[in-house]
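Protein chains in written order, with my numbering: chain A, 1 to 256; chain B, 1001 to 1304. We treat Cβ as the ideally placed atom computed from N, Cα and C, and that holds for glycine. Predicted model, so just to flag it, every value in this text is computed and none were measured. Inspection log for the structure reproduced underneath, given as structure tokens.
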């Protein structure tokens, strides 16, 4: 299988957590569902509900990986929002109650490497590679919200091998990994001083109504350094880099 | 009506602010927004969009949707009332009538009239090209806060003595097809950025001046250069936080002109508006723009 790697960055990013519609927290990197949106925007695929979110259908069988390149930094951004909760039709409220202030956690100077693979050759895959190689995008890609315009750069196209059943051996992994099905991470992770480990739960799959159908528990290092870890499966690029890819149909049962 | 936006555009817009508050942080005593790590002043995209909308509505007499409209009772209009007032019955009516929806899109959950458009025009947050100082200004008012008081009250506000802010934006021709943004809308957008910024004359905003606007129109499909705001740098004999006027600095556009030249085969046209008080390096950049960039199709915009 071939895998496409490209870098994506911007001044700011906001990948809202899913606890509430107005959640003030951000994921530290674009979750897999967001990566599908970014790739969908580059390809110019519709995200209109009337088209059943066409991009999700096209990208459903693609594999995605995400690597943190620059250290994660957050900034607390104050916003002045229009109050809509108490109003029946999201109307603008009378002046004394019309605004409320909130603080939104925002990522500063985000920089990532995105890996995209397709098990089957398709015209969309070829088009994606062509677009990114030529620094082209049909719609304007952004990092979470439209004002955080993303810049991107082609990195390479690599042959990649899936390595399975390697639970006994520690390997160095450069990307965010899924630790679904692992109950006690201390048996699998080599903890090294100076590294900052972070665990989170991210959305991976959505149905055509944009309802999340699969979450994954993930582990990553906050400064973008490698994890020394035992994994049931990983992918090895021809240049020796090892990464984890999120597959659409994951065979590992959800841990919780 | 003019034709739909044909090509991708990339916009770089610089304005400066003197003794005013470019964009207050409502969650931090309305202080100017500052990136504490670098001292850089931040202005949100919605501040710039407000400037554009107000100009288009108040000076050009165009219909904009996102606007505070007071009823006689002093209450704000609801979105539903606004839709009825504008005689908007469908999303396409909204696009026909409201220039801000054509430019910036909208998401609104209104009963039976739900609309979702991603706007073709997107702006990043603006950033000052240098670290800024923040001043805390105390004053007194002559009007007492309550009846029968013998003296006025104290006021306080935060300002920046000087900040030169760069905004970066993209107008996407593929999204323009969906939101019906026209070539004419694009020209109005540029005019509104320039003149609207000049027209900010409320107490906290007076002291804004547009200094440079560059609009690059591409002929290469689906292509843009990217990160234009990172290609200009300022030089000054003063420490950055001691800059107090546009004459205290010069703007180095050498990198930007080089990058434009490298992309010249992909570019259809460059539109430029500049303020004569802005010193640029190289000094003759505007007079010799064609030879610096290899592009003949250059249009100087005068909005006054």
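Per DSSP, residue 1269(B) is one residue of the beta strand (DSSP E) stretching across 1267-1274.
With contacts defined as CB atoms closer than 9 Å, residue 160(A) and residue 1(A) qualify as a contacting pair.
Sequence-ordered contacts of the region 1118-1140 of chain B with chain A read 1118, 1119, 1120, 1122, 1123, 1124, 1125 and 1127 [C-beta pairs closer than 9 Å]. Interface residue (Cβ-Cβ distance to chain A less than 9 Å): residue 1223(B) is classified as such. Apart from the 5 residues on each side of it in sequence, residue 1219(B) sits with its Cβ closer than 6 Å to the Cβ of 1268 in its chain, given in chain order. Residue 43(A) and residue 1237(B) have their alpha carbons spaced roughly 47 Å apart.
In this chain, the alpha helix (DSSP H) harbouring residue 55(A) covers 54-59. Spatial neighbours of residue 235(A) in its own chain (CB-CB distance under 6 Å, excluding positions within 5 residues in sequence) are listed in chain order as 160, 162, 243 and 245. The contact set of residue 1227(B) on chain A, defined by CB atoms closer than 7 Å, consists of 151 in chain order.
For the C-beta of residue 1170(B), the chain A residues within less than 8 Å are, from N- to C-terminus, 140 and 149. Each residue's CA atom was taken as its position, placing residue 1150(B) and residue 1144(B) some 7 Å apart. Going by DSSP, residue 124(A) is part of the alpha helix (DSSP H) stretching over 123-133. In this structure residue 69(A) touches residue 7(A) by the C-beta definition: roughly 7 Å separates them, less than 8 Å. Going by C-alpha positions, residue 46(A) is about 13 Å away from residue 209(A). For the C-beta of residue 1035(B), the chain A residues within less than 9 Å are, from N- to C-terminus, 75 and 108. Counting of Cβ neighbours within 10 angstroms places residue 1122(B) among the buried residues, the total reaching 16 or more. Closest in C-alpha terms to residue 1044(B), from the list 106(A), 33(A) and 181(A), comes 106(A). In this structure the region 218-226 of chain A lies against the region 190-205 of chain A, because at least three pairs of beta carbons, one per stretch, are closer than 8 Å. For residue 102(A), at least one C-beta of chain B is nearer than 9 Å to its own C-beta. In the structure shown, residue 206(A) adopts extended strand secondary structure according to DSSP, grouped into three states.
Around the beta carbon of residue 1139(B), fewer than 16 other beta carbons sit within 10 angstroms, so the residue counts as exposed. As a beta-bridge residue in DSSP terms, residue 77(A) pairs with 104(A). Shown in chain order are the members of the region 126-137 of chain A whose Cβ falls below 8 Å from a Cβ of chain B: 131, 134, 135, 136 and 137.
Near chain A, meaning a CB-to-CB distance below 7 Å, the residues of the region 1020-1031 of chain B are 1025, 1026, 1027 and 1028. Taking a beta-carbon distance threshold of 9 Å, residue 1045(B) counts as an interface residue toward chain A. Cα atoms of residue 1229(B) and residue 184(A): separation of roughly 47 Å, rounded to the nearest angstrom.
Per the C-alpha coordinates, the member of 1249(B), 1297(B) and 1127(B) positioned closest to residue 1280(B) is 1249(B). In the structure shown, the three-state DSSP call for residue 1053(B) is helix. Membership of residue 244(A) in any alpha helix (DSSP H) is not indicated, and neither H nor E is assigned to it by DSSP. Note on residue 1173(B): 16 or more other CB atoms within 10 angstroms of its CB, so buried under the neighbour-count rule. For residue 1213(B), no chain A residue has a Cβ inside 7 Å of its Cβ, as the nearest lies near 18 Å away. The beta carbon of residue 102(A) is closer than 8 Å to those of 22, 24, 78, 79 and 81 in its chain, skipping five residues each way along the sequence. Take residue 1194(B), set aside five residues on each side of it, and the residues of its chain with a beta-carbon closer than 7 Å to its own are 1210, 1213, 1273 and 1303, in chain order. Partner residues in the beta bridge of residue 237(A), as assigned by DSSP, are 160(A). Given a length threshold of 3 residues, the region 1076-1107 of chain B has no whole run of the beta strand (DSSP E) inside it.
In the structure shown, residue 1186(B) adopts helical secondary structure according to DSSP, grouped into three states.
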